[in-house]
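Here the numbering used here is used: the first residue of the sequence shown is 343, the next is one more, and so on.
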Amino acid sequence: MHSAVLLIEFGSIILGLGLLGRFAGRFRLSPIPLYLLAGLAFGEGGLLPLGASEEFVATGAEIGVILLLLMLGLEYTASDLVSNLKTHYPSGLVDCALNALPGAAVALLLGWGPVAAVVLAGVTWISSSGVIAKVLGDLGRVGNRETPVILSVLVLEDLAMAVYLPIVTALVAGVGLMAGSVTLAIALGAAGLVLFLAVRYGRLISRFVSSDDPEKLLLVVLGLTILVAGVAQQLQVSAAVGAFLVGIALSGEVAEGAHTLLSPLRDLFAAVFFVFFGLHTDPSSIPPVLLPALGLAVLTALTKIATGYWAARRAGISVKGRWRAGGALVARGEFSIVIAGLAVSAGIEPSLGPLATAYVLILVVLGPLTARYTEPVATWWGRRHEPRRPEPAPQATEAEATVAD
Numbered sequence: 343m344h345s346a347v348l349l350i351e352f353g354s355i356i357l358g359l360g361l362l363g364r365f366a367g368r369f370r371l372s373p374i375p376l377y378l379l380a381g382l383a384f385g386e387g388g389l390l391p392l393g394a395s396e397e398f399v400a401t402g403a404e405i406g407v408i409l410l411l412l413m414l415g416l417e418y419t420a421s422d423l424v425s426n427l428k429t430h431y432p433s434g435l436v437d438c439a440l441n442a443l444p445g446a447a448v449a450l451l452l453g454w455g456p457v458a459a460v461v462l463a464g465v466t467w468i469s470s471s472g473v474i475a476k477v478l479g480d481l482g483r484v485g486n487r488e489t490p491v492i493l494s495v496l497v498l499e500d501l502a503m504a505v506y507l508p509i510v511t512a513l514v515a516g517v518g519l520m521a522g523s524v525t526l527a528i529a530l531g532a533a534g535l536v537l538f539l540a541v542r543y544g545r546l547i548s549r550f551v552s553s554d555d556p557e558k559l560l561l562v563v564l565g566l567t568i569l570v571a572g573v574a575q576q577l578q579v580s581a582a583v584g585a586f587l588v589g590i591a592l593s594g595e596v597a598e599g600a601h602t603l604l605s606p607l608r609d610l611f612a613a614v615f616f617v618f619f620g621l622h623t624d625p626s627s628i629p630p631v632l633l634p635a636l637g638l639a640v641l642t643a644l645t646k647i648a649t650g651y652w653a654a655r656r657a658g659i660s661v662k663g664r665w666r667a668g669g670a671l672v673a674r675g676e677f678s679i680v681i682a683g684l685a686v687s688a689g690i691e692p693s694l695g696p697l698a699t700a701y702v703l704i705l706v707v708l709g710p711l712t713a714r715y716t717e718p719v720a721t722w723w724g725r726r727h728e729p730r731r732p733e734p735a736p737q738a739t740e741a742e743a744t745v746a747d
């Protein structure tokens with residue numbers, strides 16, 4: 343009987359997510375806010391709380407995080423990451439300063455303590471690669487001159503995740519300074535080792551994993567990823583970082599084939615992850631934090647626009663391209679929820695989950711709008727406030743000059 347209820351509940355969730363995804367696609371919107379709202383509806387205090395399938399959904403959510411980071415790693419080669427780090431690291435530092443500090447400051451002002459401040463800093467710092475990539479495609483801007491600048495900022499954020507996530511994992515677990523330092527050293531050592539091996543021996547690793555049979559390739563890549571993620575989590579490094587490093591280590595045809603095979607699984611389990619996060623957020627806890635979330639969303643939308651403008655200006659992009667780069671970076675999404683989920687699972691601060699949910703809901707809706715309208719609005723504003731040139735004095739005609747004489 344229990345298994346039958348589990349199948350009915352889980353099947354209803356998947357069917358509902360599919361219908362929500364189709365609804366969002368019809369209006370060219372990101373489905374993430376709808377998935378979060380679905381989780382709120384099915385969670386404690388919602389319209390229809392789940393019972394039998396919650397544990398199964400939790401396992402699916404963990405797999406969703408792992409696949410999100412794996413697919414992110416597959417997008418880049420190790421040489422690309424090293425090149426971006428050398429060339430664009432000043433943009434990454436500006437991005438961190440402008441967007442992480444507001445989150446940390448708000449957490450401290452609310453009296454949540456230093457651990458929650460580090461977590462909320464990450465929530466406000468990391469943009470949504472998935473939402474931004476979709477928006478750029480929808481707007482036909484993939485070939486624009488400012489697009490490489492946008493992607494460079496996103497790559498640097500992804501690299502920072504490999505360092506940031508182990509720190510957050512150690513902090514929310516409540517380990518001491520020595521244990522936290524060991525965890526960070528292991529994470530940095532593993533990341534450095536994987537980058538070195540991927541640059542020097544990437545072809546050999548990919549050849550070992552490669553298979554002409556899609557079924558075998560899927561099983562080997564998925565099994566290797568979950569295995570490495572489990573080992574990383576056992577070492578208190580973070581399962582997500584382990585999955586990200588596996589993605590970086592694979593390149594060429596193997597990475598392309600794995601990306602194609604795993605994309606549907608990623609979409610499925612990522613949707614389950616957003617639902618799971620919503621399940622653990624009481625809808626009644628959102629209204630008290632709605633005002634801080636709105637203020638933080640507006641502030642960090644402006645700081646992201648400033649980040650993109652500065653990075654594009656540094657790359658020699660025109661003024662219009664700078665505004666387009668800034669507007670495109672506003673959206674937050676999957677990784678903000680991943681970071682907040684670590685704190686929610688550890689019970690760091692009860693209001694952190696609702697605040698993160700409201701914050702992401704606002705910016706995942708606002709992000710596509712800023713991507714589309716920041717440049718035209720900035721152009722209109724600039725023309726309106728442009729100082730008017732004095733009109734030249736009319737020159738007297740020859741007849742008027744004669745009369746004057």
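In this text, a Cβ means the ideal position worked out from N, Cα and C, and glycines have one as well.
request  = Determine, using beta carbons only, whether L414 and E676 come nearer to each other than 7 Å.
outcome  = On the sequence shown, residue 414 is found 72 positions in, with the first residue counted as 1. On the sequence shown, residue 676 is found 334 positions in, with the first residue counted as 1. It is not a contact, given that the beta carbons lie outside the stated cut-off.
Burial state of K646, where buried means 16 or more other Cβ atoms lie within 10 Å = Taking the first residue of the sequence shown as position 1, residue 646 is located at position 304. It counts as buried.
N486, DSSP secondary structure in three states = Residue 486 sits at position 144 when you count from the first residue of the sequence shown. Correct three-state label for N486: coil.
ask   = How many Å lie between Y543 and L535 at the Cα?
value = The residue labelled residue 543 in the question sits at position 201 within the sequence shown. The residue labelled residue 535 in the question sits at position 193 within the sequence shown. Going by the C-alpha atoms only, they are around 11 Å apart.
inquiry  = Please report the straight-line C-alpha distance between L569 and L546, rounded to a whole angstrom.
reply    = For this step, residue 569 is matched to residue 227 along the sequence shown. For this step, residue 546 is matched to residue 204 along the sequence shown. Each residue's Cα considered, the two are about 20 Å apart.
query = So, helix, strand or coil for E417, using DSSP?
reply = For this step, residue 417 is matched to residue 75 along the sequence shown. Note: E417 maps to coil in three-state DSSP.
message = For A600 and D500, what's the separation of their Cα atoms in angstroms?
response = Numbered from its first residue, the sequence shown carries residue 600 at position 258. Numbered from its first residue, the sequence shown carries residue 500 at position 158. Their backbone Cα atoms lie some 20 Å apart in a straight line.
task = Enumerate in chain order the residues of its own chain whose CB-to-CB distance from I628 is below 6 Å, with the five nearest sequence positions on each side excluded.
result = Indexing the sequence shown from 1 puts residue 628 at position 286. Taken in chain order, the residues that qualify are P696 and A700.
query = In the structure shown, what three-state DSSP assignment does R608 receive?
reply = Taking the first residue of the sequence shown as 1, we reach residue 608 at position 266. Reduced to three states, the DSSP call for R608 is helix.
Chain-order list of residues whose beta-carbon lies under 7 Å from that of L705 (same chain, five-residue window excluded) = Translated into positions along the sequence shown, residue 705 becomes position 363. A639, A643, V672, A673 and R674, listed in sequence order.
ask   = With 16 other CB atoms within 10 Å as the buried threshold, where does E404 fall?
value = Within the sequence shown, numbered from 1, the residue matching residue 404 stands at position 62. Answer is buried; the Cβ neighbour count reaches 16.
query = Can at least three beta-carbon pairs, one atom from the region 606-614 and one from the region 418-432, be found at a separation below 8 Å?
reply = Too few Cβ pairs lie closer than 8 Å, so no.
ask   = Quick one: what's got a C-beta closer than 8 Å to F586's C-beta in the same chain, skipping five residues either side?
value = Taking the first residue of the sequence shown as 1, we reach residue 586 at position 244. Hits under 8 Å: L411, L412, L414, G415, D500, M503 and A504.
request  = Evaluate contact between the region 463-471 and the region 678-685, counting only Cβ atoms and requiring at least three cross-stretch pairs below 8 Å.
outcome  = yes
query = Is the region 433-450 in contact with the region 557-577, if contact means three or more CB pairs nearer than 8 Å?
reply = no
inquiry  = Assuming F384 is part of the alpha helix (DSSP H), what are its boundary residues?
reply    = Here residue 384 refers to the residue found at position 42 when the sequence shown is read from its first residue. Run containing F384: I374 to F384, per the alpha helix (DSSP H) assignment.
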